[in-house]
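Following: one structure in structure tokens, then a few remarks.
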Amino acid sequence: MVNSRDEMLVERCKKGDRRALAALVGEYEKPVFNAAYRILGNPDDAADATQAAFLKAFENLDSYNPKYKFFSWISRIAVNESINQLKRNRRQQPLDEGEPGDDPGPDDTVEAGRIAREIQDGLMQLSEDYRTVIVLRHFTECSYREISEILSIPEKTVKSRLYSARQLMKDQLVANGIRI
Amino acid sequence: MLQERVIYLINADIDGELEPGEKDELMSVLAASEEARTMQSELRRLSALMEDLPQQEPPAWLGDRIVARAQVPVRSESTVRRSNPMAAWLASFRPAQAGVAFAAGLLAAVGVYELAPRGGSAADISSMVGTMVANPDAQAAKPKDRLSIAQPGLDGSITLGQVGDFLVLNFDLESAARTEIVVELAGAGLGFGGIAQASDEAGERTQTYEVSGGILRVVNQGRQAFSVFLPRLADDSVGQRAEGREISIGITTDGAAPYRGVLRS
Numbered sequence: 001m002v003n004s005r006d007e008m009l010v011e012r013c014k015k016g017d018r019r020a021l022a023a024l025v026g027e028y029e030k031p032v033f034n035a036a037y038r039i040l041g042n043p044d045d046a047a048d049a050t051q052a053a054f055l056k057a058f059e060n061l062d063s064y065n066p067k068y069k070f071f072s073w074i075s076r077i078a079v080n081e082s083i084n085q086l087k088r089n090r091r092q093q094p095l096d097e098g099e100p101g102d103d104p105g106p107d108d109t110v111e112a113g114r115i116a117r118e119i120q121d122g123l124m125q126l127s128e129d130y131r132t133v134i135v136l137r138h139f140t141e142c143s144y145r146e147i148s149e150i151l152s153i154p155e156k157t158v159k160s161r162l163y164s165a166r167q168l169m170k171d172q173l174v175a176n177g178i179r180i
Numbered sequence: 181m182l183q184e185r186v187i188y189l190i191n192a193d194i195d196g197e198l199e200p201g202e203k204d205e206l207m208s209v210l211a212a213s214e215e216a217r218t219m220q221s222e223l224r225r226l227s228a229l230m231e232d233l234p235q236q237e238p239p240a241w242l243g244d245r246i247v248a249r250a251q252v253p254v255r256s257e258s259t260v261r262r263s264n265p266m267a268a269w270l271a272s273f274r275p276a277q278a279g280v281a282f283a284a285g286l287l288a289a290v291g292v293y294e295l296a297p298r299g300g301s302a303a304d305i306s307s308m309v310g311t312m313v314a315n316p317d318a319q320a321a322k323p324k325d326r327l328s329i330a331q332p333g334l335d336g337s338i339t340l341g342q343v344g345d346f347l348v349l350n351f352d353l354e355s356a357a358r359t360e361i362v363v364e365l366a367g368a369g370l371g372f373g374g375i376a377q378a379s380d381e382a383g384e385r386t387q388t389y390e391v392s393g394g395i396l397r398v399v400n401q402g403r404q405a406f407s408v409f410l411p412r413l414a415d416d417s418v419g420q421r422a423e424g425r426e427i428s429i430g431i432t433t434d435g436a437a438p439y440r441g442v443l444r445s
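Going down the list, the protein sequences come from chains A and B.
Per the working numbering, the first sequence starts with residue 1, numbered consecutively.
Per the working numbering, the second sequence starts with residue 181, numbered consecutively.
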């Protein structure tokens with residue numbers, strides 16, 4: 001469903017209204033950051049990807065189609081930025097196994113935090129392809145078709161990756177003592 | 181071992197992606213198979229666990245930084261301040277008043293203009309953003325200094341010239357990747373008078389710019405041909421003479437070494 005408030009804010013942004021721009025950032029900064037965090041596994045990289053996504057979105061605001069949700073659009077950009085960040089990280093540093101899950105983050109404060117950390121660890125142990133579809137489906141609520149468009153892969157591949165990724169996640173959580 | 185079809189039905193149900201009629205098929209499968217029911221229960225629980233994860237808080241500075249750095253290409257017709265005397269002054273330019281034409285050649289009246297306030301300080305060059313557009317009027321300026329750049333990912337030139345009382349910076353650059361150009365205006369006792377894209381570069385492309393805190397930032401990619409008009413601040417706290425001003429320019433290009441140079445009037 002199209003969010004008419006977002007559409008109005010985008011139109012105001014196009015006319016140079018910085019308050020409208022700030023309103024869009026305020027509305028979607030957190031969910032976009034969270035999607036990036038789930039893909040990248042650390043808050044610094046997630047902040048970089050979030051910033052890059054918003055800057056790119058605003059620079060290309062004319063290409064935004066108000067038929068779609070602004071959040072879907074910015075999420076698509078953020079996921080692509082996160083994937084690019086992953087590739088840069090891979091080039092710049094040798095893989096340090098276990099590192100992504102070592103930073104417990106604010107999730108670690110209560111028992112629910114343990115599950116949260118296990119899930120994040122599970123995500124980071126998935127391959128990039130599997131992790132991305134899980135994040136798009138469960139953290140940005142994209143449909144199969146939207147995921148297919150974002151990743152430029154057939155819907156059949158989306159389903160295949162998503163179902164396999166879920167099975168792997170489930171197995172990992174069970175192996176780590178999480179009751180499913 | 182569950183069949184691929186059953187795995188699809190269970191997952192698609194969790195995702196809300198079942199086609200009409202498939203719900204009944206899933207119900208039949210679940211009624212007949214304990215293994216299918218177990219799988220459905222586990223995947224539902226997994227899905228709920230992920231979706232119930234507490235949200236991570238982004239760094240407190242992130243939103244402000246995004247807002248500060250974001251640049252939206254602004255439609256020129258809605259942003260030109262036609263009553264601004266600088267716009268009128270630039271629009272009145274005619275070809276070749278004197279001196280040597282800039283390499284880009286055709287430059288002049290543009291998107292957004294604002295004169296630095298008379299008697300103002302560097303901080304008075306407050307936040308502005310805009311998109312450059314072209315004007316077919318020709319422009320000329322007497323050259324004073326020039327930087328030539330030839331490095332991987334970035335090459336071209338930056339020329340400093342003078343038109344009347346104004347200094348004019350002319351950029352003619354080519355970059356493979358996204359480039360941010362930073363010009364320190366206030367540090368040289370200069371204000372921001374306007375910015376113009378070379379007409380032969382206009383097309384559908386837009387270059388965005390921002391002036392804040394006495395610093396001009398221009399972000400673009402590919403060919404960059406534009407001029408920046410620089411009036412001298414009336415209250416020149418830097419105290420530089422008209423001759424001998426130093427304008428510091430930094431260029432950052434993704435994937436390339438940063439460039440830094442100084443032009444002297």
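All C-beta atoms in this analysis are idealised placements derived from N, C-alpha and C, irrespective of residue type, glycine included.
Along the region 56-72 of chain A, the positions whose C-beta sits under 8 Å from a C-beta of chain B are Phe58, Glu59, Leu61, Asp62, read in chain order. For the region 196-228 of chain B, the residues whose beta carbon sits under 7 Å from a beta carbon of chain A are, in order, Glu197, Glu222, Leu223, Arg225, Leu226, Ser227.
Residue pairing by DSSP places Ile361 of chain B opposite B:Val398, B:Ile431 in a beta bridge. Separation of the CB atoms of Pro239 of chain B and Ala47 of chain A is rounded to 5 Å, and the pair is thereby assigned contact status at 8 Å.
Straight across, the Cα-Cα distance linking Gly333 of chain B with Arg245 of chain B is about 27 Å. The beta carbon of Gln235 of chain B sits closer than 7 Å to some beta carbon of chain A. Identification of chain A residues near Thr388 of chain B by a Cβ-Cβ cut-off of 7 Å yields Glu59, ordered along the chain.
Using a C-beta cut-off of 8 Å, the region 183-197 of chain B makes contact with the region 213-225 of chain B, since at least three inter-stretch Cβ pairs fall below that distance.
Between the region 427-437 of chain B and the region 344-362 of chain B there are three or more C-beta pairs closer than 8 Å, enough to call the two in contact. The continuous beta strand (DSSP E) containing Glu390 of chain B extends over residues 388-392. Exclusion of the five residues before and after Lys14 of chain A leaves Leu61, Asp62 as the residues of its chain whose Cβ lies within less than 8 Å of its Cβ. Setting aside the 5 residues that flank it on each side, Trp73 of chain A is surrounded in the same chain by Ala57, Tyr64, Asn65, each with a C-beta closer than 8 Å to its C-beta; the list follows chain order. Within the DSSP secondary-structure output, Ile153 of chain A pairs in no beta bridge. Neighbours of Tyr37 of chain A across chain B, judged by C-beta separation under 7 Å: Gln236. In the structure shown, the three-state DSSP call for Gly367 of chain B is helix. DSSP links Ala405 of chain B through a beta bridge to B:Asp352. Of all alpha-carbon atoms in A:Arg179, A:Ile134, A:Leu173, A:Ala175, the one lying nearest the alpha-carbon of Val158 of chain A is that of A:Ile134.
By the neighbour-count criterion, in which a residue is buried when 16 or more other Cβ atoms sit within 10 angstroms of its Cβ, Ser127 of chain A is exposed.
For the region 147-178 of chain A, residues whose beta-carbon sits nearer than 9 Å to a beta-carbon of chain B comprise Lys159, Leu162, Tyr163, Arg166, Gln167, Met169, Lys170, Leu173, Val174, Ile178.
Chain-ordered, the chain B residues with CB closer than 8 Å to the CB of Ala22 of chain A read Gly243, Val247.
Taking the beta carbon of Val25 of chain A as reference, the chain B residues within 7 Å of it are Gly243, Ile246, Val247, listed in sequence order.
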